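Asks: Numbering (our numbering), first residue to last: 11 to 284.
We put the CB at the ideal spot given by N, CA and C, even for glycine.
Source: prediction; values computed, not measured.
Before I ask anything, let me first share the structure, which is written out below as structure tokens.
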């Protein structure tokens, strides 16, 4: 059996069906998905990296549809919300805003012992949510137990002070763009710390939130350069929808009319297919 090398360094058996389902999930029709799988199998060798498999599948998918390839690019697009991590924090705020909460970034919250800077504070009339965002710029890096332990200790200090002030329920969240170790998830469940990662909780992770809400980050638009993304991040633009809402932001970046139209069309196609 042919094995492939994951970003974490782990070797696992290659699964044709897993690749096929990942293509079908983003909207590829069955014949196209099968064709791409066949091409990957044709060039597959023992020890091939999952990154190289992704590149082949992405290239073939992009030849057929930019919108589908942008969706397939989603995991890596989330990884591009860095390297400072601040764009990722803005993105998480947008997720909770879409869920019906008012959200603010980088708030100083008084704790019982010291003040704390909280990455995202979200609230509605019934609940306050304090969210710590942990961004990793390497896909194979996982959030280990020490991170939720540290986050929980900060939130306990905040909760001790704020519960006497707020009548609303308080929730504590830790959100990462990669994954948690099994110890970290076990601790989260036991300690009452809500965790969200790329595919955790099962069926309700970052991936599902994007796919069901259409909150595609601008990093899905592969023709945008790093410097252009940095400018958009500075303007607090992290969503493709924001470009559709105000395409003039691209004119201010001195995009040609043709390039502006291309970026807008890719955003529109991506959201229309979601």
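#1: Let me know the secondary structure DSSP gives residue 32 once reduced to three states.
#2: Tell me whether the beta-carbon of residue 109 lies closer than 9 Å to the beta-carbon of residue 70.
#3: Could you check where the beta strand (DSSP E) with residue 141 kicks off and where it finishes?
#4: Find the nearest neighbour of residue 131 within the set 117, 122, 164, 12, judged by alpha-carbon distance.
#5: Pull the bridge partners of residue 69 from the DSSP assignment, please.
#6: With distances taken from CA atoms, which of 150, 32, 193 is nearest residue 82?
#7: What span of residues does the alpha helix (DSSP H) with residue 221 cover, start to end?
#8: Compute the beta-carbon to beta-carbon distance between residue 200 and residue 226, rounded to the nearest angstrom, for a pair I have assumed lies under 8 Å.
#9: Measure the CB-CB distance between residue 121 and residue 170 and report whether it falls below 9 Å.
#10: What's the C-alpha gap between residue 189 and residue 145?
#11: Going straight from the alpha carbon of residue 279 to that of residue 230, what length do you get?
#12: Is it the case that the Cβ atoms of residue 212 and residue 186 are separated by a distance below 9 Å?
#13: Could you check which residue in 75, 238, 65 has the C-alpha nearest to that of residue 86?
#14: Span of the alpha helix (DSSP H) holding residue 182?
#15: Classify residue 123 as helix, strand or coil using the three-state DSSP reduction.
#16: From residue 209 to residue 60, what does the alpha carbon distance come to, in whole angstroms?
#17: Taking a contact to mean a Cβ-Cβ separation below 9 Å, would you say residue 228 touches residue 184 in this structure?
#18: Buried or exposed, going by whether 16 or more other CB atoms sit within 10 Å of the CB of residue 245?
Replies: So, to answer that:
#1: Within the chain shown, the letter at position 22 stands for residue 32. Looking at residue 32 - three-state DSSP - the assignment turns out to be helix.
#2: For the purposes of this step, residue 109 is taken as residue 99 along the chain shown, with counting starting at 1. For the purposes of this step, residue 70 is taken as residue 60 along the chain shown, with counting starting at 1. Taking 9 Å as the Cβ cut-off, residue 109 and residue 70 do not qualify as a contacting pair.
#3: Working through the chain shown from its first residue, we reach residue 141 at position 131. Counting along the chain, the beta strand (DSSP E) containing residue 141 begins and ends at 137 to 144.
#4: As a position in the chain shown, residue 131 is number 121, starting the count at 1. Residue 131 has its Cα closest to that of 117, out of 117, 122, 164, 12.
#5: Numbered from its first residue, the chain shown carries residue 69 at position 59. Looking at the DSSP assignment, residue 69 forms no beta bridge with any residue, so it has no partner.
#6: As a working note, residue 82 is residue 72 in the chain shown. It is 32.
#7: Counting from one through the chain shown, the residue named residue 221 turns up at place 211. Element bounds for residue 221: 216 to 223.
#8: Translated into positions along the chain shown, residue 200 becomes position 190. Translated into positions along the chain shown, residue 226 becomes position 216. That belief does not hold up - the Cβ atoms of residue 200 and residue 226 are roughly 34 Å apart, past 8 Å.
#9: Position 111 of the chain shown holds residue 121. Position 160 of the chain shown holds residue 170. Contact: yes.
#10: For the purposes of this step, residue 189 is taken as the residue at position 179 of the chain shown. For the purposes of this step, residue 145 is taken as the residue at position 135 of the chain shown. Computed Cα separation, rounded: 10 Å.
#11: Reading the chain shown from its first residue, position 269 is the one you call residue 279. Reading the chain shown from its first residue, position 220 is the one you call residue 230. Cα to Cα, residue 279 sits roughly 12 Å from residue 230.
#12: As a working mapping, residue 212 is identified with position 202 in the chain shown. As a working mapping, residue 186 is identified with position 176 in the chain shown. Contact flag unset, no.
#13: Translated into positions along the chain shown, residue 86 becomes position 76. Of the candidates 75, 238, 65, the one whose C-alpha sits nearest the C-alpha of residue 86 is 65.
#14: For this step, residue 182 is matched to residue 172 along the chain shown. That residue, residue 182, is in no alpha helix (DSSP H); its beta strand (DSSP E) goes 179 to 186.
#15: For the purposes of this step, residue 123 is identified with residue 113 of the chain shown, where counting begins at 1. The answer is coil: DSSP assigns residue 123 none of H, G, I, E or B.
#16: If you number the chain shown from 1, residue 209 lands on position 199. If you number the chain shown from 1, residue 60 lands on position 50. About 17 Å.
#17: Here residue 228 refers to the residue found at position 218 of the chain shown. Here residue 184 refers to the residue found at position 174 of the chain shown. 9 Å or more divides the Cβ of residue 228 from the Cβ of residue 184.
#18: Within the chain shown, numbered from 1, the residue matching residue 245 stands at position 235. Answer is exposed; the Cβ neighbour count stays below 16.
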